[in-house]
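Q: In the numbering used here, the protein residues as written are 252 to 794.
Ideal Cβ placement from N, Cα and C applies to all residues, glycine included.
1. How big is the Cα-Cα spacing for residue 270 and residue 255?
2. If you draw a straight line from the C-alpha of residue 669 to the C-alpha of residue 564, how long is it?
3. Three or more C-beta pairs under 8 Å: does that hold for the stretch 692 to 704 against the stretch 557 to 575?
4. Does the distance from the C-beta atom of residue 706 to that of residue 766 stay below 7 Å?
5. On a Cα-Cα basis, can you pick out the residue from 278, 253 and 627 that is closest to residue 286?
6. Where does residue 446 land, buried or exposed, given buried means 16+ other C-beta within 10 angstroms?
7. Taking residue 427 as the reference, give the member of 487, 507, 452 and 655 with the closest Cα.
8. Can you say whether residue 701 is buried or exposed, counting buried as having 16 or more other CB atoms within 10 angstroms of its CB?
9. Rounded to whole angstroms, how far is the Cβ of residue 717 from the Cβ of residue 666, which I believe are closer than 8 Å?
10. At 3 residues or longer, and completely inside the stretch 450 to 487: list those beta strand (DSSP E) runs for me, N to C.
11. If you drop the 5 nearest sequence neighbours on each side, which residues of the same chain put their C-beta closer than 7 Å to that of residue 554?
12. Please go through the same chain and pick out, in chain order, the residues whose beta-carbon is closer than 7 Å to the beta-carbon of residue 516, but skip the five residues on each side of it.
13. Along the beta strand (DSSP E) that carries residue 687, what are the first and last residues, could you check?
14. Could you tell me which residues DSSP puts in a beta bridge with residue 438?
15. Between which two residues does the alpha helix (DSSP H) holding residue 272 run?
16. With a CB to CB cut of under 7 Å and the five nearest residues on each side skipped, what residues in its chain are close to residue 436?
17. Relative to the C-alpha of residue 688, which candidate in 763, 649, 621 and 493 has its C-alpha closest?
18. Nearest CA to the CA of residue 592: which residue from 604, 583, 614 and 599?
19. Where does residue 532 sit, in a helix, a strand or coil, going by DSSP?
20. If we ignore side chains and look at the alpha-carbon of each, how far apart do residue 720 and residue 785 end up?
21. Do the stretch 615 to 632 and the stretch 503 to 523 make contact, defined as three or more Cβ pairs closer than 8 Å?
22. Is it buried or exposed, residue 228, if we count other Cβ atoms within 10 angstroms and call 16 or more buried?
23. Grouping DSSP H, G and I as helix and E and B as strand, with all else coil, what is residue 261?
24. Given this structure, state the Cα-to-Cα distance separating residue 462 from residue 472, to the nearest angstrom.
25. Let me know the secondary structure DSSP gives residue 512 once reduced to three states.
26. Can you look up residue 399 in the DSSP assignment and give me helix, strand or coil?
27. Using the Cβ count rule (16 or more neighbours within 10 Å means buried), how would you classify residue 711?
28. Could you tell me the boundaries of the beta strand (DSSP E) in which residue 384 lies?
29. Report the partner residues of residue 651 according to the DSSP bridge assignment.
30. Could you have a look at residue 604 and say whether DSSP puts it in helix, strand or coil?
31. Helix, strand or coil: how does DSSP classify residue 638 here?
32. Does the Cβ of residue 424 have 16 or more other Cβ atoms within 10 Å, making it buried, or fewer, making it exposed?
33. Quick one: what does DSSP say residue 599 is sitting in, helix, strand or coil?
34. Determine the extent of the alpha helix (DSSP H) in which residue 723 is found, giving its start and end residues.
35. Could you check what DSSP says for residue 657 in three-state terms: helix, strand or coil?
36. What does the alpha-carbon distance come out to for the pair residue 260 and residue 278?
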């Protein structure tokens, strides 16, 4: 066997497995390196570094347009690369889009130049957009919301907020934001495996937000090892399993058959619970910032709350089916004929204590009627998601914002945020197909054959996860595989039901892991409709 390349060392972990340490780059691998493999890696790394350097230099200017203030090299004044939609991603500098000797700004039509004559003489700002002038007195436009610039006047572009469109583009932009806002040096965290929650809580809370953005070196007491990423991954996994454990009363399972987590309204039994929620917020943000995954995730409505998105009655179905059914019945029926004694108030229990809440001022004396029931349902839905949780949610978000400004995530929807935080498993399609049931279809129906062809050949793993999330509400598969999928009433296998007409869109029922698949006439039609379902889940026919 040939010797290891220069700077490499062979080691053995506590389970007797061999791994290899590269002291040149401070990385580890399970595969035995060879001189050829190291050379190939260095060539790839050099190309990546060159691309990154070009990306960083492309939009750096020695002075800001219209200002004599130099641009320093601090993270907040560095760009974050170029996106694929013709805009330039910036951190905070607001420099103009790239233009060099070999490329000129995109030529605009007469329509595109409407109003630019006035903008050349004066810089202006409206909403999150701002018009600036480059060194050659050309107007360009800064989107402070997405931190991008472009030559085109956004007022002539129709409905386009400059947001990245694909998940890959969003993810790349987010990772660049984290990279350019990371701090130098590293921070060391030492914990005892048996006291990982307490040790981590004390140390993470004692560090500044800037220190939490440094490279992490995690050490477990009594265990030798260099943390080149693997130990940090284990720390995030183990700590998330411990910190989010309902045993600590900070979080609870959403439902008896839904193991996603939500804030426990009874967490106030611990007098320090708000400090713990701030710690968990910091920790979750650290996982996102450093690109690590956690053990278990939250409910989709909780991710929507993190993103500041409005919650609707449909968000209740997966976490409180009975409450959802009650409000749905009120929505769909004439309640005045039933002579129901309902008012704009609610009673609820916390640790045996019955509490009363008015949904609006004087709500205890305002009766619910057909005329005002829409408002009642909206207020009741909002209250159901916030009852006894306002302070905890604020503490969590305060801790999160210490490390990552929530604005960095506004491009993502709740399902994409779950993917970012929990990762994406390799989906076993054979296991998926074996554990799927059919209604009004059978396994030989042409629509079913087309469906599995599309899953196998037409989708990458990311898109398969998005499809799974659309139907079941989560992108993760139980440890026991698809046979252990849970529904609202216990074990519930993935189901495809024949519903509707060939020109209808698919629907999903996340409580029952069921996809309503219309009888499409061609494979191409099925691909088109299902692709729309995967990509346009927000506002889509999902129940």
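A: On the basis of the data shown:
1. 12 Å
2. 20 Å
3. no
4. no
5. 253
6. exposed
7. 655
8. buried
9. 7 Å
10. 466 to 471
11. 665, 668 and 669
12. 601, 638, 639 and 640
13. 687 to 690
14. 467
15. Residue 272 -> not in any alpha helix (DSSP H); beta strand (DSSP E) instead, spanning 269 to 273.
16. 465
17. 763
18. 614
19. helix
20. 9 Å
21. no
22. With the chain represented from 252 up to 794, any question about residue 228 goes unanswered, as that position is not in the structure.
23. strand
24. 21 Å
25. strand
26. strand
27. exposed
28. 380 to 384
29. Paired residue(s): none; residue 651 is not in a bridge.
30. strand
31. coil
32. buried
33. strand
34. 712 to 723
35. helix
36. 11 Å
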